[in-house]
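2 protein chains.
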Amino acid sequence: MDKIIAHILVVDDDDGIRSLVKKYLIENDYLVTTADSAEDAVEKIKIIQFDLIILDIMMPGKSGLEFIKDNKKKIITPIILLTAKGEPSERIEGLEIGADDYLPKPFEPKELILRIENIIKKTKLNDQKRVIQFQNIKIDLNKQMIFKNDNEYKINNTEKKILEKMINNPGKTFSREDIGLLIELDKERSIDVIITRLRKKIEMDPKRPKFLQTIRGTGYVLWIE
Amino acid sequence: MDKIIAHILVVDDDDGIRSLVKKYLIENDYLVTTADSAEDAVEKIKIIQFDLIILDIMMPGKSGLEFIKDNKKKIITPIILLTAKGEPSERIEGLEIGADDYLPKPFEPKELILRIENIIKKTKLNDQKRVIQFQNIKIDLNKQMIFKNDNEYKINNTEKKILEKMINNPGKTFSREDIGLLIELDKERSIDVIITRLRKKIEMDPKRPKFLQTIRGTGYVLWIE
DNA sequence: CGAATTATAAAAAAATTATTAACAAAAAAT
DNA sequence: ATTTTTTGTTAATAATTTTTTTATAATTCG
Chain A
0 MDKIIAHILV VDDDDGIRSL VKKYLIENDY LVTTADSAED AVEKIKIIQF DLIILDIMMP
60 GKSGLEFIKD NKKKIITPII LLTAKGEPSE RIEGLEIGAD DYLPKPFEPK ELILRIENII
120 KKTKLNDQKR VIQFQNIKID LNKQMIFKND NEYKINNTEK KILEKMINNP GKTFSREDIG
180 LLIELDKERS IDVIITRLRK KIEMDPKRPK FLQTIRGTGY VLWIE
Chain B
0 MDKIIAHILV VDDDDGIRSL VKKYLIENDY LVTTADSAED AVEKIKIIQF DLIILDIMMP
60 GKSGLEFIKD NKKKIITPII LLTAKGEPSE RIEGLEIGAD DYLPKPFEPK ELILRIENII
120 KKTKLNDQKR VIQFQNIKID LNKQMIFKND NEYKINNTEK KILEKMINNP GKTFSREDIG
180 LLIELDKERS IDVIITRLRK KIEMDPKRPK FLQTIRGTGY VLWIE
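Just so you know, the sequences run in chain order A and B. So that you can map any letter, position 97 of the first sequence is 96 in numbering that gives the first Met the number 0, and since no number is skipped, the others follow by simple counting. So that you can map any letter, position 138 of the second sequence is 137 in numbering that gives the first Met the number 0, and since no number is skipped, the others follow by simple counting.
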């Protein structure tokens with residue numbers, strides 16, 4: 000399974016800290032881009048969709064707090080603030096304004112990594128399977144595609160939601176009601192049809208489903224290997 | 000930040016200028032290859048992927064302008080034109096045709112280096128992609144041009160912003176809202192129209208988009224490889 | 001077997017996206 | 001200052017995709 004490598008933007012005017020943090024992060028298998036000012040960061044986020052921003056609060060020019068204020072409408076990316084020691088008011092303001100966490104300098108590398116992992120987990124980026132393969136079938140939720148032998152099929156949002164849930168809970172049976180809640184749909188017969196269509200895409204022999212099976216009277220289950 | 004060692008091709012029929020430029024460049028830590036004619040340059044670019052081409056406009060045989068015309072669909076590399084003094088029409092034509100900058104002869108070595116650095120910064124640096132090529136399509140954000148087979152299209156600022164983002168996040172789906180934030184535009188229907196227009200430029204068959212695809216209910220994604 | 005449940009196909013309906021053309025506003029050119 | 005070109009907006013219509021319905025078949029299990 001493909002691990003998603005989070006892309007992190009490190010914003011700090013201090014060369015030493017910037018490269019140190021970059022080094023830590025790279026050692027921990029993150030993809031890192033740096034910016035040496037808020038202005039620089041603004042340019043970079045225009046172009047790259049980061050998974051996390053680590054932001055120094057005190058910088059010449061625009062401060063970290065100003066950066067957040069100016070961009071919070073546009074940014075969905077979580078932010079970890081680096082604050083100077085003993086500046087509780089700024090920390091609080093940062094969190095109020097939209098930062099997701101803060102870390103007072105100086106900090107232990109391990110602590111930084113911990114907080115990053117924590118946030119990444121929260122944003123659900125990492126703990127979910129997005130690509131799985133069994134036999135000759137590959138389901139790629141990121142691409143919203145299924146590859147079966149030499150065929151490829153698009154999967155729509157409804158199908159994606161169902162597969163997402165089932166892939167991350169293999170062997171668990173979902174009632175039609177469960178599925179209906181998931182995809183915001185309360186017509187039970189419609190779910191039959193959706194399952195039928197899904198089977199055409201993921202089963203070698205859709206009439207004799209091996210993976211997406213029916214549990215009569217209960218619901219459906221994804222059964223992989 | 001690490002300095003990138005750029006590989007530069009110098010194309011000039013004049014031995015003196017060629018070796019002089021080469022000397023300057025080597026002193027400034029560039030890697031240099033020379034060609035004494037457009038024909039020679041054509042052979043060299045077949046073999047080596049340069050980071051920059053410095054091209055004399057006036058040469059016996061094929062001229063610099065002809066070289067660009069003949070190769071612009073294929074070449075990703077930025078070009079600096081060397082023009083004879085006081086030939087503004089040729090300069091303008093050069094820029095129109097696809098050069099990235101020009102420098103009138105005679106020039107100060109320092110000025111050449113400055114322009115080189117400027118271009119290198121714009122292109123290679125930043126780990127941002129500015130020029131990409133796939134199949135018969137080339138997108139050049141610096142020149143704001145798209146080359147498709149024998150056609151070429153200008154891209155405006157809006158289109159550029161969208162492509163910039165997507166090129167640097169290939170495979171990532173952007174909602175209309177994302178795109179709207181990016182280009183400061185909140186009319187969702189307008190985005191449809193903009194996408195349609197973009198597809199006319201970058202798709203071989205705009206009615207059946209292969210690259211700029213719709214993820215129904217979610218948004219759009221650029222799919223290249 | 002027979003009743004209940006599930007499967008399937010095809011058609012209809014609904015929702016979303018695509019396309020075109022016409023227009024207005026802004027920008028660029030003359 | 002006027003004209004031309006470009007760009008975003010809107011609206012009307014078409015095309016596509018997805019959901020729902022309907023009708024019928026197939027399956028399961030007491």
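We put the CB at the ideal spot given by N, CA and C, even for glycine.
DSSP, read as helix, strand or coil, puts E151 (chain B) in strand. Taking all protein chains shown into account, I47 (chain B) has fewer than 16 neighbouring C-beta atoms within 10 Å of its C-beta and is therefore exposed. Here S62 (chain B) has A37, I56 as same chain residues with Cβ atoms under 8 Å from its own Cβ, once five neighbours each way along the sequence are excluded. Residue-level contact check: K142 (chain A) touches chain B, since one or more beta carbons of chain B fall below 8 Å from its beta carbon. Relative to N148 (chain A), the option among A:K137, A:K142, A:E158, A:N141 whose CA is nearest is A:K137.
The beta carbon of I16 (chain B) does not come within 8 Å of any beta carbon belonging to chain A, so the residue lies off that interface. Contiguous alpha helix (DSSP H) elements confined to the region 115-200 of chain B occur at 156-166, 175-182, taking only those with 4 or more residues.
With its beta carbon at least 8 Å from every one in chain B, Q134 (chain A) lies outside the interface. Nearest to G218 (chain A) by C-alpha distance, out of A:K200, A:D11, A:I194, A:K68, is A:I194. DSSP, read as helix, strand or coil, puts D14 (chain B) in helix. I214 (chain A): member of the beta strand (DSSP E) spanning 211-214, first to last residue.
For A34 (chain A), the three-state secondary structure derived from DSSP is strand. When C-beta distances to chain B are compared with 9 Å, the residues of the region 23-48 of chain A below that value are T32, T33, D35, E42, K43, K45, I46, I47, Q48, in chain order. With a 10 Å radius around the Cβ and a threshold of 16 neighbouring Cβ atoms, E176 (chain A) comes out exposed. Sequence-ordered contacts of the region 152-168 of chain A with chain B read N155, N156 [C-beta pairs closer than 7 Å]. Note on geometry: alpha-carbon atoms of L102 (chain A) and L81 (chain A) lie some 5 Å from one another. The beta carbon of K61 (chain B) sits no closer than 8 Å to any beta carbon of chain A. Taking one beta carbon from each stretch, the region 153-169 of chain A and the region 177-192 of chain A have 3 or more pairs nearer than 8 Å; the two touch. According to the DSSP assignment, D69 (chain A) belongs to the alpha helix (DSSP H) that extends over 63-70. Around the beta carbon of R207 (chain B), fewer than 16 other beta carbons sit within 10 angstroms, so the residue counts as exposed. For T82 (chain A), the enclosing beta strand (DSSP E) starts and ends at 78-82. In the three-state reduction of the DSSP assignment, I44 (chain B) falls in the helix class. Collapsing the DSSP output to three states places Y101 (chain B) in a strand. For T217 (chain B), the chain A residues whose Cβ falls inside 7 Å of its Cβ are N156, in order along the chain.
Of the candidates A:L8, A:I4, A:D39, A:T33, the residue whose Cα lies closest to the Cα of N27 (chain A) is A:I4. Using a Cβ-Cβ cut-off of 8 Å, G179 (chain B) does not count as an interface residue toward chain A, since no Cβ of chain A sits closer than that to its own. In this structure I118 (chain B) is in contact with L51 (chain B), their Cβ atoms being roughly 6 Å apart against a cut-off of 8 Å.
Looking at the DSSP output, Y219 (chain B) bridges to B:F173, B:T213. The closest CA to that of I112 (chain B), considering only B:E224, B:I7, B:L221, B:I223, is found on B:I7. The contact set of I214 (chain B) on chain A, defined by CB atoms closer than 8 Å, consists of Q143, N156 in chain order. Exposure of P59 (chain B) is indicated by the presence of fewer than 16 other C-beta atoms within 10 angstroms of its C-beta.
Listed by position along chain A, the residues whose Cβ is nearer than 9 Å to that of K171 (chain B) are Q48, N141.
Comparing C-alpha distances from K200 (chain A) to each of A:N155, A:L184, A:S174, A:E183 shows the shortest one belongs to A:N155. Residue burial is scored here from C-beta neighbours: M203 (chain B) has fewer than 16 other C-beta atoms within 10 angstroms and is therefore classed as exposed.
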